[in-house]
Every structure is written in structure tokens, then in C-alpha cells.
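Remarks on the structure that follows.
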Amino acid sequence: MTTAPRTGTYLNEILAHKAREVSERLDGADMAELEARARAVTGRLSLASALKTGSLEIIAEIKRRSPSGEFRLDLDPVDVANEYRRGGAAAVSVLTDERFFGGSLDDLQRVYASDARAEGLVVLRKEFIIDERQIAESAASGADAILLIVVALSAEQLGALLRLTYDLGMEALVEVHDEAEVEIALDAGTRIIGINNRDLRRFRTDIAVSERLLPSLPANLVRVAESGIRSREDVQRVREAGADAVLIGETIMKSDDPAGRVKELRGC
């Protein structure tokens, strides 16, 4: 049975639920069959290449709700992805957690089959991944990349899940919040690192976290700033600190013109 680490507060509630969900949904799954389906998916796009361009790139997020409230419960993920592509986003982050964020694996699969993805929009599955079967499921569903959260995993789990991710032809955005988590991520062999300005234990957000951590990261990594980025000025702050890309959700999801908002954040 899948078990979740104890991290405290709201994140612990999410991970405990995720452990039950994964066990209920995937305990009967054949890992060999999942891996075979994953390897049958060809033509994956590179998140690293899409983000490490010399310009500040945007990963735009699709989510119906979050701990801070509801956004667009009736959204069509394909329409949103196409808007993001029109605005110049390099990648789309698709929330697939149902209970806390209102997403689904179907959202991911539909975005994978969209015109936006065919035109080069990289698809990232954003999920609380704690089990190797979720990795194989992601690859089989068309994800180009997945999210791995350091605080949600032991160092051994992170290393094993990262190796499987690479083996199945995907990439991983490895998320950290402090110096200790950065070291764990680097030791595991991460190539794309995300600085989450939100403390997942307390859900407090401070963009200064990125400003503190980004300058110390190796220049060969793809460096992403996440959470709390709401304006062009915020984008410029993390860019000056060393970010190659930003992951933005709420401020775009609340906009009546997602494509225009992406362009504005890009400085276009």
C-alpha cells in the first residue's frame, strides 16, 4: 500500500488522501502493462528545451480551484491550453488532483490531444506524485513532464521516481522551498528545479524565497520560480534573480483574456 510522509498541516492532509486514492485506483494496475503503454507514446516534447531559451518563459497553469478559492469550475482545458499557446506560453501545467484542485487525468489527456500541444506547447502533469504507478500513468497519458515535490517524498523515493521518469522518456520539474530541499534535489539528479514561493506546510507565499535561492543554483539547471507571481514586475524580479521561467496559475486563471494576460506577463 502507498504511504505518504508526514509533513504537517494542510499538505499532510492532501498527501494522506493521495495515498488512499492511489491505493484504491491503482492497486490492481499491472505496472508492466502501464510501462508498456507509456513506452508506446512517442514524440515527447522537452520541457527543458522549451524553458532554457535565453528569454524568460512562462508555464501557464490550468486549475479550477486551489486552497485560495475557486476560479473557473466550468473551464474547458483544451480551450484554455489553446489560449495559452496563443499568448506565447512555453508550457502548460495541468492540475490532475480532483479533490483539492478540481482536475482530472482526463484534463491531461485532452490537453495532450489538443492543437496547442501539436503546435509545441509542452504538457506538464501537476500532481502529488508519491508512487511509481503515477509516473507510468502520466507517461501513458501523454505527459511530457511531471512535477515531483521534495517535501512530499523521502530522498530515496525522489531518486527512484526521478530515474523512472527519465527512463520513460519524460522530464521532471522538481519543486523545492528551502536550501535543504535544494541539496536533496541536486543529489537526486534533477535537471529542472522549481523554487516554490509558497510554503506547502503553511501555504504562506513570499516571492523573496526565489530571490534568496535562485542565485545559488548551478547555471546549467533550468530554474523556475513558482507561486505568488502576479505582475510583470514580479516576473522581472525573479528574472533578475536568475529564473529561466515562471509558473503562473491564479493570476491567469482569473483573467477574462488568458492569452492577453500571458502576453502582458511576458512583456509583449
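Residue numbering for the sequence shown follows my numbering, beginning at 213 and increasing consecutively.
Each residue gets a CB set at the ideal place from its N, CA and C atoms; glycine is no exception.
Just so you know, these numbers come straight off a predicted model, no measurement behind them.
Among the bridge pairs identified by DSSP, K338 is matched with L307. For I464, the enclosing alpha helix (DSSP H) starts and ends at 462-465. If the five residues before and after R444 are omitted, its C-beta is found closer than 8 Å to the C-beta atoms of E476, L477, G479, all from its own chain and listed in chain order. Using a Cβ-Cβ distance cut-off of 8 Å, the segment 244-254 and the segment 290-303 are not in contact, since fewer than three pairs of beta carbons, one from each stretch, lie closer than that value.
Around the Cβ of D239, a 10 Å sphere holds fewer than 16 other Cβ atoms; the residue is exposed. Separation of M382 and R337 (C-alpha to C-alpha, rounded to the nearest whole angstrom) is 11 Å.
Contact between D309 and E339 holds, with the beta-carbon distance rounding to 6 Å and staying under 8 Å. The count of Cβ pairs closer than 8 Å, one atom from the segment 431-439 and one from the segment 448-463, reaches three, so the stretches are in contact.
When C-alpha distances from L307 are compared across D318, G300, A455, V362, the shortest belongs to D318. Secondary structure note for N409: it is in no beta strand (DSSP E), with a DSSP letter that is neither H nor E.
Collapsing the DSSP output to three states places L360 in a strand.
Residue environment for M465: buried (at least 16 other C-beta atoms within 10 angstroms of its C-beta).
The DSSP assignment places complete beta strand (DSSP E) segments of no fewer than 3 residues inside the segment 421-456 at 434-438, in order along the chain. In the DSSP annotation of this structure, E331 is not part of any alpha helix (DSSP H), being labelled neither H nor E. Across the structure, E368 and I347 are spaced so that their CA atoms are roughly 16 Å apart. Between the beta-carbon of V421 and that of I404 there is about 18 Å, and that puts the pair past the 8 Å contact cut. DSSP, read as helix, strand or coil, puts L287 in coil. Annotated as distal: E387 and L425, with beta-carbon spacing of 9 Å or more.
Bridge pairing for V386: L360, I405 [DSSP]. Under DSSP, T265 shares a beta bridge with no residue. In this structure, DSSP gives T254 a state outside helix and strand, which the three-state scheme calls coil. The three-state reading of DSSP puts I419 in coil, since its state is none of H, G, I, E or B. In the DSSP annotation of this structure, the continuous segment of the alpha helix (DSSP H) that includes D399 starts and ends at 391-400.
9 Å or more divides the Cβ of R473 from the Cβ of A457. Secondary structure note for D379: its alpha helix (DSSP H) is the uninterrupted segment 367-379.
Non-local beta-carbon contacts of L246 in its own chain, meaning distances under 7 Å to residues more than five positions away in sequence, involve R345, A348, E349, A352 in chain order.
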